[in-house]
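Student: Could you have a look at this structure, given as structure tokens, before my questions?
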Amino acid sequence: MKIINLEISNYNITYTVETKKGNVFTHALPKDVTTHNVQRYLNLLCNNVDKSKYSAKIPRDFN
5 MKIINLEISN
15 YNITYTVETK
25 KGNVFTHALP
35 KDVTTHNVQR
45 YLNLLCNNVD
55 KSKYSAKIPR
65 DFN
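In this note's numbering, the protein residues as written are 5 to 67.
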């Protein structure tokens with residue numbers, strides 16, 4: 005799992021995450037969630053995304 009972007013709003017932090025298999029997804033969590041719980045929750049989501057037959061790799065351009 006790699007967090008490739010995050011956006012902070014008044015109440016939430018929206019994470020853009022790349023999974024081990026190269027899938028990319030975004031998910032928002034409240035600001036008051038601890039760092040440890042953010043990591044645990046995003047790892048669970050990564051596993052679910054990678055196991056999903058509907059997931060698709062999104063090419064990223066860093067230029």
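Backbone N, C-alpha and C define an ideal beta-carbon position, used for all residues, glycine too.
(1) Take Leu10 as the anchor and find which of Lys24, Lys25, Phe29 has the nearest alpha-carbon.
(2) Write down the C-beta distance between Leu48 and His31 rounded to the nearest angstrom, noting that I regard them as a contact closer than 8 angstroms.
(3) Measuring only the C-alpha atoms, how far is Ser13 from Asp36?
(4) Consult DSSP for Thr38 and reduce its assignment to one of helix, strand or coil.
(5) Candidates Thr23, Leu33, Asn52: which alpha carbon is nearest Asn16's?
(6) Going straight from the alpha carbon of Glu22 to that of Asn41, what length do you get?
Tutor: Taking the coordinates as given:
(1) Among Lys24, Lys25, Phe29, the Cα nearest to that of Leu10 is on Phe29.
(2) That pair is no contact at about 10 angstroms.
(3) Going by the C-alpha atoms only, they are around 12 angstroms apart.
(4) In this structure, Thr38 counts as coil in the three-state DSSP scheme.
(5) Closest option to Asn16, judged by alpha-carbon separation, among Thr23, Leu33, Asn52: Leu33.
(6) Distance between the alpha carbons of Glu22 and Asn41: 18 angstroms.
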